[in-house]
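The structure under discussion appears below in the form of structure tokens.
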Amino acid sequence: MPFKKDSLYANPLGDIAAFRFDRAVVDVFPDMIERSVPGYGAIISAIGLLAGRFSQNDSVCYDLGCSLGAASLAMRSQITATNCKIVAVDNSQAMIDQLESRLQLGVVDIDVICADIRDIDIANASVVVLNFTLQFIPLCDRAALINKIYRGLLPGGVLILSEKLAVDNVHQQALHTEMHHLFKKMQGYSDLEISQKRAALENVLVAESFAIHQRRLIEAGFDSVEVWFQYFKFASMIALK
Numbered sequence: 075m076p077f078k079k080d081s082l083y084a085n086p087l088g089d090i091a092a093f094r095f096d097r098a099v100v101d102v103f104p105d106m107i108e109r110s111v112p113g114y115g116a117i118i119s120a121i122g123l124l125a126g127r128f129s130q131n132d133s134v135c136y137d138l139g140c141s142l143g144a145a146s147l148a149m150r151s152q153i154t155a156t157n158c159k160i161v162a163v164d165n166s167q168a169m170i171d172q173l174e175s176r177l178q179l180g181v182v183d184i185d186v187i188c189a190d191i192r193d194i195d196i197a198n199a200s201v202v203v204l205n206f207t208l209q210f211i212p213l214c215d216r217a218a219l220i221n222k223i224y225r226g227l228l229p230g231g232v233l234i235l236s237e238k239l240a241v242d243n244v245h246q247q248a249l250h251t252e253m254h255h256l257f258k259k260m261q262g263y264s265d266l267e268i269s270q271k272r273a274a275l276e277n278v279l280v281a282e283s284f285a286i287h288q289r290r291l292i293e294a295g296f297d298s299v300e301v302w303f304q305y306f307k308f309a310s311m312i313a314l315k
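Position 180 (the sequence shown) corresponds to 254 in the numbering used here; numbering is contiguous.
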């Protein structure tokens, strides 16, 4: 089915519920994320290229928090390793249902699973993607998830971690917030939509600084962690095993 334009927060809401990846969000998700996350399309394209570079024969590529499968499909388009499959996981049944209805057979199999990524075993992995997913995981569970991913990665494997970053400097944080606001206005969102969406995401999306992400990844055992892409406070990192 065709996706709709995001107008979920266009009208005043008396009671702004916490943001959820429900059917209403699924119906507008491609439009929402393209207009809300600067550089999203470039990140997705590069995830495909990185999967082509790092995928290994007889291994698994994981897309954790796959939503509608944009990263999974990008990976599938670039993977040339033999007997390599993709496992796409999301805890939103609405997202999974829509992904399965859109998925067509390809050279690389994509297994779609509705589950909490904290409950998924990671094994024999050459590529793991967390594309704007970790920020929705409770802070107390993030280290355990990263540790599990590291243990499940093969030598030479890669974790691609995209996140909205917090900035330690208060002036820089204010600037990045202002520029993101202006970006969304340029995409057609009103001040009301931006304000209500921000309220819905409060305490649901919890951003951390690059320093915190880097420390957590190094402590898990990754050899190196680098930011390869950043657009205002939206960044994508590569962690190598």
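Glycine included, each C-beta is placed from N, C-alpha and C at the ideal position.
Alpha-carbon spacing of residue i relative to residue j, whole angstroms
{"i": "Leu82", "j": "Ile196", "result": "35 Å"}
{"i": "Gly262", "j": "Gly230", "result": "42 Å"}
{"i": "Thr154", "j": "Asp185", "result": "17 Å"}
{"i": "Ile286", "j": "Ala98", "result": "33 Å"}
{"i": "Phe257", "j": "Gly115", "result": "15 Å"}
{"i": "Leu314", "j": "Asp89", "result": "44 Å"}
{"i": "Asp137", "j": "Ile118", "result": "12 Å"}
{"i": "Gly180", "j": "Ala145", "result": "15 Å"}
{"i": "Arg176", "j": "Met260", "result": "30 Å"}
{"i": "Lys222", "j": "Ile194", "result": "9 Å"}
{"i": "Val182", "j": "Gly126", "result": "12 Å"}
{"i": "Asp297", "j": "Arg225", "result": "13 Å"}
{"i": "Ala274", "j": "Asn243", "result": "25 Å"}
From the options, residue whose alpha carbon lies closest to that of residue i
{"i": "Gln288", "options": "Arg127, Ser236, Met169", "result": "Ser236"}
{"i": "Val102", "options": "Ile90, Ile118, Ala168, Asp265", "result": "Ala168"}
{"i": "Ile312", "options": "Leu173, Cys135, Arg216, Ile121", "result": "Ile121"}
{"i": "Lys159", "options": "Arg216, Cys135, Leu256", "result": "Cys135"}
{"i": "Phe95", "options": "Leu249, Leu291, Phe210", "result": "Phe210"}
{"i": "Leu173", "options": "Pro104, Ala125, Ser151", "result": "Pro104"}
{"i": "Ala148", "options": "Phe284, Asn243, Ser129", "result": "Ser129"}
{"i": "Leu291", "options": "Ile234, Ala248, Ser141", "result": "Ile234"}
{"i": "Val299", "options": "Ser175, Ser310, Pro212", "result": "Ser310"}
{"i": "Pro336", "options": "His254, Arg192, Tyr224", "result": "Any answer about residue 336 is impossible in this case: the structure gives the chain only from 75 up to 315."}
{"i": "Lys79", "options": "Asp183, Glu267, Asn165, Ile170", "result": "Glu267"}
{"i": "Ala248", "options": "Lys307, Asp132, Val100, Leu204", "result": "Lys307"}
{"i": "Val111", "options": "Phe296, Asp265, Val280, Lys238", "result": "Lys238"}
{"i": "Leu87", "options": "His254, Ser269, Ala294", "result": "Ser269"}
{"i": "Ser166", "options": "Thr156, Asp242, Arg150, Gly143", "result": "Gly143"}
DSSP state of residue i mapped onto helix, strand, coil
{"i": "Tyr263", "result": "coil"}
{"i": "Ala294", "result": "helix"}
{"i": "Asn243", "result": "coil"}
{"i": "Gln209", "result": "helix"}
{"i": "Leu147", "result": "helix"}
{"i": "Gly180", "result": "coil"}
{"i": "Gln270", "result": "helix"}
{"i": "Lys78", "result": "coil"}
{"i": "Asp185", "result": "strand"}
{"i": "Val111", "result": "coil"}
{"i": "Gly166", "result": "Correcting the residue identity first, residue 166 is Ser in this sequence and not Gly. DSSP places Ser166 in coil when its eight states are reduced to three."}
{"i": "Leu87", "result": "coil"}
Expected contact under 8 Å - CB spacing of residue i and residue j to nearest Å
{"i": "Phe93", "j": "Val301", "result": "No, Phe93 and Val301 are not in contact; Cβ-Cβ is about 26 Å, not under 8 Å."}
{"i": "Ala199", "j": "Leu227", "result": "5 Å"}
{"i": "Ile187", "j": "Val163", "result": "5 Å"}
{"i": "Asn205", "j": "Gly139", "result": "7 Å"}
DSSP bridge partner residues for residue i (one or two, in chain order)
{"i": "Ser175", "result": "Ser175 pairs with nothing; no bridge assigned."}
{"i": "Val135", "result": "The sequence shown places Cys at residue 135, rather than the Val named in the question. Note: Cys135 sits in a beta bridge opposite Ile160, Val201."}
{"i": "Leu227", "result": "Ala199"}
{"i": "Glu300", "result": "Ile312"}
{"i": "Leu275", "result": "Looking at the DSSP assignment, Leu275 forms no beta bridge with any residue, so it has no partner."}
{"i": "Tyr305", "result": "Phe308"}
{"i": "Lys222", "result": "Its beta-bridge partners do not exist; DSSP assigns none."}
{"i": "Glu237", "result": "Ala309"}
{"i": "Glu282", "result": "Leu239"}
9 Å Cβ cutoff, residue i in contact with chain D
{"i": "Ile184", "result": "Among the chains of the structure shown, chain D does not appear; only one protein chain is present."}
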